[in-house]
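See below for the structure under consideration.
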Ligand code: SAM
Ligand code: SF4
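Numbering (this note's numbering), first residue to last: 589 to 913.
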């Protein structure tokens, strides 16, 4: 079992397989970064897998592949199969913008993928296009349908932004309910890479929008999940709110993150990271385990999004497209 320096059990590894992306979401990567990580610095799937085995052998039982856009990385299904063959009962999930799902969903499912989280910020083609920097809606909706058709479990992620998609919270919820999938509203997390003019909606404001039409009942957090669940009584439908600005958000944090070049990151907010690259390139299991132990020991107690006076401090410089969100 992996325990961090604050006594929390860590059993969840998120792996960003590429920082590259085919979207330019305003809250994540509004412009192409000045430079990408050179291809030769990326860890191969074999090297990433060595670390995955160390993590699983020490108690990790949930892995999420993310990015950037993970479906841009060639042979992703091969990597999924390696993990799934090693531990068939692992909770293996992927977060994607769904653009490439129509042609890849079946392969992912066949390789052993169980669940998908799909980002859907608008059901209006012009708004979705404005957020993602290109015309994406038709393809994303096709991707969602294809994932459901092949039997993958799907959740929707929406980031509500003031003046952009804040009037679509109920529409996205009703769309998700109609498809029998859960939606989670994610508070916009301020970071130096996003479009600095954006204003996210706070959890309370998101809930007020839902309450304009429905009666909701708080259900609470699901174990260590970052999502606080609510029930809409009229629809008998559950949705989630991911509210990193709330003070208790980090209390049960169970996750660490690995980037495509091998940086092991203890917290999404902070820049600190240690590299496993040298160890995995040498096939050094003990070396990789030592880096893991050090990252766990130094995992921060909480993020700084929860602090009231955002204006008074520097904002996070961690790029979501690098860490995978
Ligand atoms: N490309 C994939 C996607 O968009 O789903 C996976 C990577 S993306 C970085 C993972 C998640 O982070 C997405 O649900 C996205 O909406 C979320 N995200 C990115 N930037 C964010 C921000 N500044 N605040 C809140 N969520 C953010
Ligand atoms: Fe790409 Fe996902 Fe970031 Fe959008 S949120 S730019 S789809 S990595």
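The beta-carbon is built from N, C-alpha and C at its ideal position, and this holds for glycine as well.
Note the first and the last residue of the continuous beta strand (DSSP E) segment covering residue i.
| i | result |
| --- | --- |
| residue 808 | 804–809 |
| residue 600 | 600–604 |
| residue 815 | 815–820 |
| residue 650 | 650–654 |
| residue 852 | 851–853 |
Could you tell me the boundaries of the alpha helix (DSSP H) in which residue i lies?
| i | result |
| --- | --- |
| residue 738 | 725–738 |
| residue 910 | 908–911 |
| residue 717 | 713–720 |
| residue 793 | 791–799 |
| residue 881 | 873–885 |
| residue 690 | 689–699 |
| residue 866 | 865–869 |
Would you kindly work out how many angstroms separate the C-alpha atoms of residue i and residue j, rounded to a whole number?
| i | j | result |
| --- | --- | --- |
| residue 673 | residue 639 | 15 Å |
| residue 548 | residue 792 | Given that the chain is displayed from residue 589 to residue 913, the structure contains no residue 548 and the question cannot be resolved. |
| residue 862 | residue 868 | 13 Å |
| residue 817 | residue 769 | 14 Å |
| residue 720 | residue 728 | 11 Å |
| residue 799 | residue 632 | 48 Å |
| residue 766 | residue 883 | 42 Å |
| residue 807 | residue 636 | 37 Å |
| residue 650 | residue 723 | 33 Å |
| residue 887 | residue 701 | 29 Å |
| residue 645 | residue 873 | 11 Å |
| residue 629 | residue 716 | 33 Å |
| residue 810 | residue 695 | 30 Å |
| residue 865 | residue 773 | 34 Å |
| residue 824 | residue 804 | 10 Å |
| residue 706 | residue 858 | 25 Å |
| residue 669 | residue 796 | 43 Å |
| residue 663 | residue 814 | 30 Å |
| residue 875 | residue 843 | 20 Å |
| residue 907 | residue 647 | 28 Å |
| residue 565 | residue 801 | Here the chain comprises residues numbered 589 to 913, so residue 565 is not present and cannot be evaluated. |
| residue 881 | residue 909 | 25 Å |
| residue 846 | residue 879 | 12 Å |
| residue 610 | residue 692 | 15 Å |
| residue 634 | residue 904 | 31 Å |
| residue 889 | residue 690 | 40 Å |
| residue 829 | residue 678 | 25 Å |
| residue 698 | residue 848 | 24 Å |
| residue 747 | residue 833 | 14 Å |
| residue 641 | residue 841 | 21 Å |
| residue 726 | residue 894 | 36 Å |
According to DSSP, which residues form a beta bridge with residue i?
| i | result |
| --- | --- |
| residue 677 | In the DSSP output, where bridge partners are listed per residue, residue 677 has none listed. |
| residue 743 | 705, 770 |
| residue 904 | 779 |
| residue 845 | 602, 853 |
| residue 826 | 819 |
| residue 632 | For residue 632, which the question treats as bridged, DSSP gives no partner whatsoever. |
| residue 591 | 597 |
| residue 862 | 852 |
| residue 666 | According to DSSP, residue 666 bridges with nothing at all. |
| residue 788 | 749 |
| residue 548 | Shown here, the chain extends from 589 to 913; a query on residue 548 therefore has no answer. |
| residue 682 | 653, 704 |
Report yes or no: do three or more beta-carbon pairs, one from the segment 696–714 and one from the segment 750–770, lie closer than 8 Å? Counting Cβ pairs under 8 Å, three or more are found: they touch.
Sufficient close CB pairs (3 or more, under 8 Å) joining the segment 729–738 to the segment 772–792: no
Closer than 8 Å is the cut-off here; do at least three beta carbon pairs connect the segment 611–629 with the segment 664–681? no
Between the segment 608–622 and the segment 766–786, do three or more beta carbon pairs fall short of 8 Å? yes
Pairs of beta-carbons, one from the segment 691–711 and one from the segment 590–610, closer than 8 Å: are there three or more? no
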